[in-house]
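Engineer: Here you go, one structure.
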Amino acid sequence: GAGVSQSPSNKVTEKGKDVELRCDPISGHTALYWYRQSLGQGLEFLIYFQGNSAPDKSGLPSDRFSAERTGGSVSTLTIQRTQQEDSAVYLCASSSGRQETQYFGPGTRLLVL
Amino acid sequence: EDKVVQSPLSLVVHEGDTVTLNCSYEVTNFRSLLWYKQEKKAPTFLFMLTSSGIEKKSGRLSSILDKKELFSILNITATQTGDSAVYLCARYGGSQGNLIFGKGTKLSVKP
Chain G
86 GAGVSQSPSN
96 KVTEKGKDVE
106 LRCDPISGHT
116 ALYWYRQSLG
126 QGLEFLIYFQ
136 GNSAPDKSGL
146 PSDRFSAERT
156 GGSVSTLTIQ
166 RTQQEDSAVY
176 LCASSSGRQE
186 TQYFGPGTRL
196 LVL
Chain E
2 EDKVVQSPLS
12 LVVHEGDTVT
22 LNCSYEVTNF
32 RSLLWYKQEK
42 KAPTFLFMLT
52 SSGIEKKSGR
62 LSSILDKKEL
72 FSILNITATQ
82 TGDSAVYLCA
92 RYGGSQGNLI
102 FGKGTKLSVK
112 P
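Going down the list, the protein sequences come from chains G and E.
Numbered by our numbering, the letters in the first sequence go through residues 86 to 198 in order.
Numbered by our numbering, the letters in the second sequence go through residues 2 to 112 in order.
Here's what the structure looks like:
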């Protein structure tokens, strides 16, 4: 079956603009995760959705970041009033359950000018 | 601090060499440790290790976990240029849903 997909692949935006990043998880996966990877850094956890439970937002770096998961499937990560330090690759992953193997999407490379 | 530490940070070898990548962590109550290969953007899954002392193998790659000494190793034998990538180690915490990643080991295999 299809893997995790993300769109867009690349996004260039101006400082202060809002951006939306989309993630389509593997069909049937109940858990969905967002991470970001800045240049030369490891993957940093942002937010985690598990089924219909309230999301774990403990990794979001500021209130400019938010995410939704509609109908238990597709997720959108929104960054408001983007800053240059938000430039990174944003990776989405899904798994069949909590603490199962996570499979990653191809990522969205965000550049804030 | 709850960290995952990988070493070396980078490694350059020639085709045919065998390499060992290291991953150490600090907590004792965790369920699984995972290894990923990252060539461009998307990390691709290699292994999930949950039991200590049991080696997992996939072709030229193998990995083992030592829960007593709090480390894992990833071995690659007869390396090929296609093995060039960043190798990431990550673990789940006791009650956390997310993975905690190390910074990775960048492996370069020269012809």
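For glycine and all other residues, C-beta sits at the position ideal for the given N, C-alpha and C.
Would you report the Cα separation of Arg-61 of chain E and Phe-189 of chain G, rounded to the nearest angstrom?
Structural biologist: 23 angstroms
Engineer: At a CB-CB cut-off below 8 angstroms, which residues of chain G make contact with Arg-32 of chain E?
Structural biologist: Gln-184
Engineer: I'd like to know if Ile-101 of chain E contacts chain G, where contact means its C-beta is closer than 9 angstroms to some C-beta of that chain.
Structural biologist: yes
Engineer: Taking only three categories from DSSP, how would you classify Thr-115 of chain G?
Structural biologist: coil
Engineer: How is the beta strand (DSSP E) around Ile-44 of chain E delimited, first residue to last?
Structural biologist: Per the sequence shown, residue 44 of chain E should be read as Pro rather than Ile. 44-50 is the span of the beta strand (DSSP E), which, as asked, contains Pro-44 of chain E.
Engineer: Going by beta-carbon coordinates alone, are Ala-91 of chain E and Phe-102 of chain E separated by less than 9 angstroms?
Structural biologist: Taking 9 angstroms as the Cβ cut-off, Ala-91 of chain E and Phe-102 of chain E qualify as a contacting pair.
Engineer: Could you give the uninterrupted runs of the beta strand (DSSP E) lying entirely in the segment 50-104 of chain E, keeping only those of 3 residues or more?
Structural biologist: Complete beta strand (DSSP E) runs here, min 3: 57-59, 62-67, 72-77, 86-93, 100-102.
Engineer: Quick one: Cα of Thr-163 of chain G to Cα of Asn-99 of chain E, how far?
Structural biologist: One Cα belongs to Thr-163 of chain G, the other to Asn-99 of chain E, and the distance between them is close to 19 angstroms.
Engineer: Would you mind listing the beta strand (DSSP E) stretches within the segment 141-192 of chain G that are 3+ residues and don't spill past its ends, in chain order?
Structural biologist: 150-154, 160-164, 173-180
Engineer: Should Met-49 of chain E be listed as close to the ligand FAD, given that the test is whether its C-beta is under 8 angstroms from any heavy atom?
Structural biologist: This structure does not include the ligand FAD; it has no bound ligands of any sort.
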